[in-house]
Each structure stands twice: as C-alpha cells, then as structure tokens.
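Chains as they are written, first to last, in the numbering used here: chain F, 88 to 201; chain Z, 287 to 395. Glycine included, every Cβ here is placed at the ideal spot set by N, Cα and C.
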Amino acid sequence: EAQVTQNPRYLITVTGKKLTVTCSQNMNHEYMSWYRQDPGLGLRQIYYSMNVEVTDKGDVPEGYKVSRKEKRNFPLILESPSPNQTSLYFCASSVTTTGTGELFFGEGSRLTVL
Amino acid sequence: DAKTTQPNSMESNEEEPVHLPCNHSTISGTDYIHWYRQLPSQGPEYVIHGLTSNVNNRMASLAIAEDRKSSTLILHRATLRDAAVYYCILRRGNEKLTFGTGTRLTIIP
Numbered sequence: 088e089a090q091v092t093q094n095p096r097y098l099i100t101v102t103g104k105k106l107t108v109t110c111s112q113n114m115n116h117e118y119m120s121w122y123r124q125d126p127g128l129g130l131r132q133i134y135y136s137m138n139v140e141v142t143d144k145g146d147v148p149e150g151y152k153v154s155r156k157e158k159r160n161f162p163l164i165l166e167s168p169s170p171n172q173t174s175l176y177f178c179a180s181s182v183t184t185t186g187t188g189e190l191f192f193g194e195g196s197r198l199t200v201l
Numbered sequence: 287d288a289k290t291t292q293p294n295s296m297e298s299n300e301e302e303p304v305h306l307p308c309n310h311s312t313i314s315g316t317d318y319i320h321w322y323r324q325l326p327s328q329g330p331e332y333v334i335h336g337l338t339s340n341v342n343n344r345m346a347s348l349a350i351a352e353d354r355k356s357s358t359l360i361l362h363r364a365t366l367r368d369a370a371v372y373y374c375i376l377r378r379g380n381e382k383l384t385f386g387t388g389t390r391l392t393i394i395p
C-alpha cells in the first residue's frame, strides 16, 4: 500500500531536548516536504526536498533542520525545541513534475513542548 | 509565491451541490490549480487538479475561469462525509507550496 509514515504520532517533550520526527515513503517519490499546522494559521511549509541531498527552506524554517540522505526518508530535526514549536506536523511526498504531482500526506505527528 | 484566497467557511445542505470558490489573481501560466481536503483528525488528501480546462473525477469537478484567476471546486451531491477543510493551492513544480487556511465546509443534515 502506498503510504507516508510518520513517527512518533504523539510526543510530549521538554524545552531543549533534541528530537527527531521521522518520515518515510514507499512510493519512490523525489519530492518530500514538512508542514506544521496551528489553529487559525492553516498549513505552513517548513522545509522541502526535491531529491536526495537537495533541500530548501519553506515559509517557517526557523528552529528546524532536515536531511535527505536517502530517497525514502526525510527526518525533521528539532535541535533545541521550544514551546512555540508545539504543533501538529505533517510530512508529504510526491513525484517530481512540472506541477501535476499529487501530494500524499502522512497521518500527522502531534508534538507538545513543555 | 502565488497566493490563493478562499472564504473561511461555508455551509451546505446534505445532498445538494456545493461550489467552493478560490481566487488566484497572481497565477502564472505554468501554475497548476490543486485542491486538497482535510477531514477531522487526518492529513490532507488530494481531490483534483487542473491547468486550463475543466476537470472531472470521481470525487469532484473543477471549473477554471477563462482568465485562470479563479476556480471553483464542485461537489455534486454533498454528504456528511464531505465535511472538511478544503484547500486550494497553486503548484508550479517542486517549489515552496503555500496552503493557507482553506474553507471549512459544514454539511447540514
């Protein structure tokens, strides 16, 4: 089954404790992206990657890092989490296209930073 | 970035057609118009996309204005399961994608 898998789905952590949210897709997609969703602010893009070793900033990259060492994985790293990073996070992937590619989303990871 | 504008919320009666509007006055010639929806407690899911011509699939229809500065997602017969937040986005390629806040659709039984 084609899917985007995120882990963990739920996490409560404390300020400053490094954490990684993993994202894996089994569709051989080149494009992968991270979003955060906050009440009243919709979906905002954090980082995206057009292929292995190619990443770029989205609208809200501050406080986050990403890496793309393998095509299927695109982890989101919070080196020193802060309470304002409490949010619902979504990973998405699609084929590389001129704009026709359908985005497939994971089920989301709800992160709480105390 | 090309931006889209959607109403914050809409209501529709069950089994009636629903027309969800989207304005994208700064659209460029290579931008595709995509629609996604997000059901409660789920990630967004793809609905439909188009470039210039109207499009139909099993979920919905997409009507695109001749000047491409607006589009309308049409749900032909709304059901309670169609209650969701609907996002209209423009996609040129593998670039930064802006989703915005979407339209919250409420279906009245």
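Alpha-carbon to alpha-carbon, residue j and residue i
i: Ala-440 (chain Z); j: Ala-346 (chain Z); result: For residue 440 (chain Z) there is no data in the structure shown, the boundaries of chain Z being 287 and 395.
i: Phe-385 (chain Z); j: Asp-146 (chain F); result: 11 Å
i: Tyr-332 (chain Z); j: Ala-351 (chain Z); result: 21 Å
i: Pro-170 (chain F); j: Thr-107 (chain F); result: 16 Å
i: Arg-323 (chain Z); j: Tyr-97 (chain F); result: 22 Å
i: Thr-290 (chain Z); j: Thr-109 (chain F); result: 30 Å
i: Cys-178 (chain F); j: Ser-339 (chain Z); result: 30 Å
i: Met-296 (chain Z); j: Pro-330 (chain Z); result: 18 Å
i: Asn-94 (chain F); j: Asp-317 (chain Z); result: 33 Å
Among the options, the one whose alpha carbon lies nearest that of residue i
i: Pro-148 (chain F); options: F:Glu-157, F:Glu-166, F:Val-139 and F:Asn-138; result: F:Glu-166
i: Pro-307 (chain Z); options: Z:Thr-358, Z:His-362 and Z:Met-296; result: Z:Thr-358
i: Gln-328 (chain Z); options: Z:Val-371, Z:Leu-337 and Z:Trp-321; result: Z:Val-371
i: Gly-336 (chain Z); options: Z:Ala-349, Z:His-305 and Z:Asn-309; result: Z:Ala-349
i: Ala-89 (chain F); options: F:Lys-152, F:Gly-127 and F:Gly-193; result: F:Gly-193
Beta-carbon contacts of residue i that lie in its chain and below 6 Å, excluding the five residues immediately before and after
i: Ser-248 (chain Z); result: For residue 248 (chain Z) there is no data in the structure shown, the boundaries of chain Z being 287 and 395.
i: Pro-395 (chain Z); result: Glu-300
Residue i burial status per 10 Å Cβ neighbour count (16 or more: buried)
i: Ile-133 (chain F); result: buried
i: Ile-334 (chain Z); result: buried
i: Ser-174 (chain F); result: buried
i: Arg-344 (chain Z); result: exposed
i: Thr-102 (chain F); result: exposed
Cut-off 7 Å between Cβ atoms - residues of its own chain near residue i, not counting five sequence neighbours on either side
i: Leu-383 (chain Z); result: Ile-375 and Arg-377
i: Ser-181 (chain F); result: His-116, Tyr-118, Gly-188, Glu-189, Leu-190 and Phe-191
Own chain, CB closer than 8 Å to residue i, minus 5 neighbours either side, in chain order
i: Arg-159 (chain F); result: Ser-111, Gln-112, Asn-113 and Asn-115
i: Glu-140 (chain F); result: Arg-155 and Lys-156
Closer than 8 Å between beta carbons: that is the criterion. Which residues of the stretch 120 to 133 of chain F meet it against chain Z? Ser-120, Tyr-122, Gly-127, Leu-128, Gly-129, Leu-130, Arg-131 and Gln-132
If you measure beta-carbon to beta-carbon, which residues of the stretch 186 to 198 of chain F are closer than 9 Å to chain Z? For the stretch 186 to 198 of chain F, the set of residues with a beta-carbon nearer than 9 Å to any beta-carbon of chain Z comprises Gly-186, Thr-187, Gly-188, Glu-189, Leu-190, Phe-191, Phe-192, Gly-193, Glu-194 and Gly-195, in chain order.
Using a beta-carbon distance cut-off of less than 9 Å, what residues from the stretch 331 to 345 of chain Z approach chain F? Glu-331, Tyr-332, His-335 and Leu-337
Which residues, taken in chain order from the stretch 166 to 178 of chain F, show a beta carbon closer than 9 Å to some beta carbon of chain Z? Phe-177 and Cys-178
Taking a Cβ distance cut-off of 8 Å, strictly less, list which residues of the stretch 356 to 370 of chain Z are near chain F, in chain order. none
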